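Just below is one structure, and these are the notes that go with it.
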Amino acid sequence: MPHLGIRKGWEIPERLATPEVAYLNRRNFLSMIGLTALSYVGLESSSAAQANSPYPGTRNPRYTVDRPLTDELAATRYNNFREFTDQKEAVWMLADTFQVSPWTLKVGGLVRKPRTFDFDQLIRRMPLEERLYRHRCIEGWSMAVPWIGFPFRLLIGRVQPTADARYVLMTSFYRPVQAEAQRRRSQYQWPMCAAITVPEAMNELAFLVTGMYGHDLPKANGAPIRLAVPWKYGFKSIKSIVSIEFTAEQPLNLWNEPGTAPHDFYANVNPDDSGPRYNQARERVIGTWETRPTLPFNGYGPFVAHMYA
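Heads up, the sequence shown is in numbering that gives the first Met the number 0, so the first residue is 0 and it goes up one at a time.
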């Protein structure tokens, strides 16, 4: 989609976003404290580490939000990650020992060039950028996050899907030794999967996330690589991806399998959707817990509505 310089309904001027309040001031303050205690050798080591880091990534001003960013502590300590626990406030503790390095990402199926990517090499070859996105959970809570990563379509271009490829199936890890809930919970079919269409994956908003708040993605938020599709409910933004497969047929995945949940395949944010458990008309913003009206497509209709017309 060409950028015509017309501001979308969900965009605001860069000066009105508040990432500095949310995390940069705190990060700068902590850095200044740390510098006073460092020796010359420590400073040299720190500088070398920063030079080798792909973060924080360049801010892309095209993608911003209409509200303050969620505080980093709130965004990283209130999560759904059912491989570890159903208790959102406990995920960050139970995921702490999860091993995310080394990590590989296998991409195959209906593609001309199947690949297995080493994660560390992949992120150094991709142009990482920071985007401010809203995230909306089907449970009725939301947050605004500075994700860092790269457009999904850049990865797709490297494997070249065939003309028969219509869907993209993404699979998370299966490590019951490291993920407690995978050992003891039988109501889920592990590993967790999520699927979207090829046009959705090629949409400019579809984003493969490797970091947030200026640094590596925390384990509780889906390290080392996850998806962000901000116009859909959060369960479509699968965490800790190990494989991506292009298929001709629509795959079944956990949240739209018969008998599991009343969600359709697309799972687009819809304020008129009132299921047996959740009324989607309003949302609660984590951290402040203020309530806001839910926006169709989470406010991203100008970018995605044409795919469902």
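We put the CB at the ideal spot given by N, CA and C, even for glycine.
Note that this is a predicted model, so its numbers are computed, not measured.
For residue 193, which beta-bridge partners are listed by DSSP? 169
Could you check if residue 285 is buried or exposed, using at least 16 other CB atoms within 10 Å of its CB as the buried criterion? That one is buried.
What does DSSP give as the partner residue(s) for residue 240 in the beta ladder? 171
Is it right to say residue 298 is buried, meaning 16 or more other beta carbons lie within 10 angstroms of its own, or is it exposed? buried
Any contact between the region 158-174 and the region 243-253? By contact I mean 3 or more CB pairs, one from each, below 8 Å. yes
Can you give the Cα-Cα distance for residue 202 and residue 192, rounded to whole angstroms? 20 Å
Here's a check: name, in chain order, each residue in its chain whose Cβ is nearer than 6 Å to the Cβ of residue 163, leaving out the five neighbours to either side. 109 and 247
Assign residue 181 to one of two classes, buried (16 or more other C-beta atoms within 10 Å of its C-beta) or exposed (fewer than that). buried
Residue 146 classed as buried or exposed, judged by whether at least 16 other C-beta atoms fall within 10 angstroms: buried
Are the CB atoms of residue 80 and residue 311 within a distance shorter than 7 Å? The structure shown does not extend to residue 311, since the chain spans only 0 to 308, so no value can be given for it.
Just tell me which of 175, 144 and 306 has its CA closest to the CA of residue 64. Shortest Cα-Cα distance from residue 64 to any of 175, 144 and 306 involves 144.
Just list the residues that DSSP pairs residue 148 with in beta bridges. 128 and 208
For a cutoff of 7 Å on Cβ pairs, would you count residue 60 as touching chain C? The structure shown contains no chain C; it is built from a single protein chain.
Between which two residues does the beta strand (DSSP E) carrying residue 69 extend? Per DSSP, residue 69 lies in no beta strand (DSSP E) segment and is marked neither H nor E.
Taking the alpha carbon of residue 52 as the reference point, which residue from 215, 186, 184 and 177 has its own alpha carbon closest? 215
Limits of the unbroken beta strand (DSSP E) element including residue 226: 225-227
Please classify residue 360 as buried or exposed, where buried requires at least 16 other C-beta atoms within 10 Å of its C-beta. Here the chain has residues from 0 to 308 only, and residue 360 is not among them.
Mind checking residue 91: buried by the 16 CB within 10 Å criterion, or exposed? buried
Below 6 Å CB to CB, which residues in the same chain sit around residue 239 once its five sequence neighbours on both sides are set aside? Cβ contact annotation for residue 239 (same chain, cutoff 6 Å, sequence separation greater than five): 171, 172 and 221, in chain order.
By Cβ distance, which residues of its chain are closer than 8 Å to residue 268, with the 5 residues on each side in sequence left out? 135, 230, 231, 232, 279, 293, 294, 295, 296 and 297
If you follow the beta strand (DSSP E) that residue 108 is part of, which residue opens it and which one closes it? 103-108
Proximity of residue 124 and residue 159 at Cβ, strictly below 7 Å: no
Quick check on residue 134: does DSSP put it in helix, strand or coil? strand
For residue 76, which residues of its own chain have a beta-carbon under 6 Å away from its beta-carbon, when the five flanking residues on both sides are left out? 91
Within a Cβ cutoff of 7 Å, which residues of the same chain sit near residue 62, ignoring the five residues on either side of it in sequence? Listed in chain order, the non-local C-beta contacts of residue 62 below 7 Å within the same chain comprise 130, 131 and 132, local neighbours out to five positions each way being set aside.
Decide if residue 126 is buried, meaning its Cβ has at least 16 other Cβ atoms within 10 Å, or exposed. exposed
Helix, strand or coil at residue 295 [DSSP, three-state]: Reduced to three states, the DSSP call for residue 295 is helix.
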